[in-house]
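Enquirer:
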Amino acid sequence: MERSDSQGNPVRLVTPAMRRMLLIASVLVFIAGFQVFVLTEHTDRYFAWTIGFPLTAVFLGAGYWAAGVLEFLASRERVWANARPAVPAVWIFTTLTAIATLLHLDAFRTESFWAWAWFGVYFYVPVALGVILILQLRVPGGDPPQSEPIPAWLRGVLAVQVVLMLPLGVGLFIAPASFEGAWPWDLTPLLARAVGAWLIGWSTVKIQILWENDWRRCRNLFLSTMIWTLLIFVAFARYGDAVEWGAHLWGFLLVVLSVFAVGLYGVLAGWYGLGRVAAPVPSDD
Numbered sequence: 015m016e017r018s019d020s021q022g023n024p025v026r027l028v029t030p031a032m033r034r035m036l037l038i039a040s041v042l043v044f045i046a047g048f049q050v051f052v053l054t055e056h057t058d059r060y061f062a063w064t065i066g067f068p069l070t071a072v073f074l075g076a077g078y079w080a081a082g083v084l085e086f087l088a089s090r091e092r093v094w095a096n097a098r099p100a101v102p103a104v105w106i107f108t109t110l111t112a113i114a115t116l117l118h119l120d121a122f123r124t125e126s127f128w129a130w131a132w133f134g135v136y137f138y139v140p141v142a143l144g145v146i147l148i149l150q151l152r153v154p155g156g157d158p159p160q161s162e163p164i165p166a167w168l169r170g171v172l173a174v175q176v177v178l179m180l181p182l183g184v185g186l187f188i189a190p191a192s193f194e195g196a197w198p199w200d201l202t203p204l205l206a207r208a209v210g211a212w213l214i215g216w217s218t219v220k221i222q223i224l225w226e227n228d229w230r231r232c233r234n235l236f237l238s239t240m241i242w243t244l245l246i247f248v249a250f251a252r253y254g255d256a257v258e259w260g261a262h263l264w265g266f267l268l269v270v271l272s273v274f275a276v277g278l279y280g281v282l283a284g285w286y287g288l289g290r291v292a293a294p295v296p297s298d299d
């Protein structure tokens, strides 16, 4: 059934294929998150490769679970403008992970089912999602009117966070040996690229918020980043004694805290209208 905005203009809806792709992706990352966030010290049996340092495993798991929330919520949206903000980050992250996998095939436990499941997911999802995205963009219709722009001060904070996170993510991914010292704890080359892919992915989320500049469209992004940082704090509560608590680590945690604060504010404003001039916009569902 065709949808129209308040001016009677047709609105582009999410295709069934895109909805299914996002839902499937959310299930897959929830499984991966369980493997590394819950079965943290058993990656030699229940993950595609062995992660020897538990804090790194739970850091990756935090990313998987938060991304799962983002993808699931996006799959529930009917209007493409509200689901769209999740897609670029998902595609970029899965593509980078596929590249990292190809660069480090020798690190994977190819005798394990989980390694082959990993290969299947990360060599399939970027291609499938890319094709589905192209088809989605060909659906007739446009975006509904902007609900309410995000305040300039908050966009400024988001831009600073991108400046801090994106170069580090790119460096860890492209030159892990050169940038490993910029991370608060030791990483293998594969793990450096995995961490870098997450930093690039979450930076893409923030860039998407800056581009969309709309509370309704971006509220799922704020929620997922808040969950990501909460899970990182849980990770440090579990394994923080395994790292040296110097200025480097405290600086890292201050950035994480700032991401949490922005995410929390975005949830309160985007979902409940707190701190906004206008009332929250009703769901399009």
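Counting in our numbering, the sequence shown runs from 15 upward without gaps.
From the three backbone atoms N, C-alpha and C, an ideal C-beta is built for every residue, glycine too.
All of these numbers come straight from a predicted model, not from anything done at the bench.
#1: I'd like to know if G47 contacts chain B, where contact means its C-beta is closer than 7 Å to some C-beta of that chain.
#2: Is L27 helix, strand or coil by DSSP?
#3: Below 7 Å between beta carbons: does that hold for Q222 and P30?
#4: Closer than 8 Å by C-beta to V281: which residues in its own chain qualify, once you throw out the five before and the five after it? Chain order, please.
#5: Near G277, what residues of its chain come up, given a Cβ to Cβ distance below 6 Å and the 5 sequence neighbours on each side ignored?
#6: Quick one: what's got a C-beta closer than 6 Å to Q160's C-beta in the same chain, skipping five residues either side?
#7: Give a yes or no on whether the C-beta atoms belonging to L182 and A196 are separated by under 7 Å.
#8: Looking only at its chain, what residues have a beta carbon closer than 7 Å to the beta carbon of L178, apart from the 5 residues adjacent to it on each side?
#9: Figure out for me which residue from W63, F73, L37 has the closest Cα to the Cα of F51.
#10: My understanding is that L213 touches L172, with C-beta atoms under 8 Å, so please give their C-beta distance in whole angstroms.
#11: Spell out a yes or no on whether the segment 40 to 49 and the segment 75 to 85 are touching, meaning 3 or more CB-CB pairs, one atom from each, closer than 8 Å.
#12: So what does V93 bridge to, in DSSP terms?
#13: Assuming Y60 and W128 are in contact, meaning their beta carbons sit under 8 Å apart, how far apart are those beta carbons, in whole angstroms?
#14: Just to confirm the assignment: which complete beta strand (DSSP E) runs, minimum length 3, are found wholly within the segment 207 to 284?
#15: Where does L156 fall in DSSP's three states?
#16: Run through DSSP, which three-state label would A71 get?
#17: Using the C-alpha atoms, what's the distance from R230 back to V93?
#18: Using a Cβ distance threshold of 8 Å, determine whether the segment 32 to 46 contacts the segment 199 to 209, with at least three qualifying pairs required.
#19: According to the Cβ coordinates, are I65 and T218 closer than 7 Å?
#20: If you reduce the DSSP assignment to three classes, tell me which class R34 lands in.
#21: Would you say G155 and V248 are within 7 Å of each other, going by their C-beta atoms?
#22: Residues in its own chain within less than 6 Å of I246 by CB, not counting five upstream and five downstream?
#23: Of the choices A211, V28, G134, whose alpha-carbon is the least far from that of I148?
Expert: So, from the listed chains and residues:
#1: Within the model displayed, chain B is absent; a lone protein chain is all it includes.
#2: strand
#3: no
#4: R233, F236, L237, M240
#5: F236, T239, M240
#6: D228
#7: yes
#8: V269
#9: F73
#10: Incorrect: roughly 15 Å between the Cβ atoms, too far for contact.
#11: yes
#12: L27
#13: 7 Å
#14: none
#15: According to the sequence displayed, residue 156 carries Gly and not Leu. Residue state, collapsed to three classes: strand.
#16: helix
#17: 11 Å
#18: no
#19: no
#20: helix
#21: no
#22: A76, V270
#23: V28
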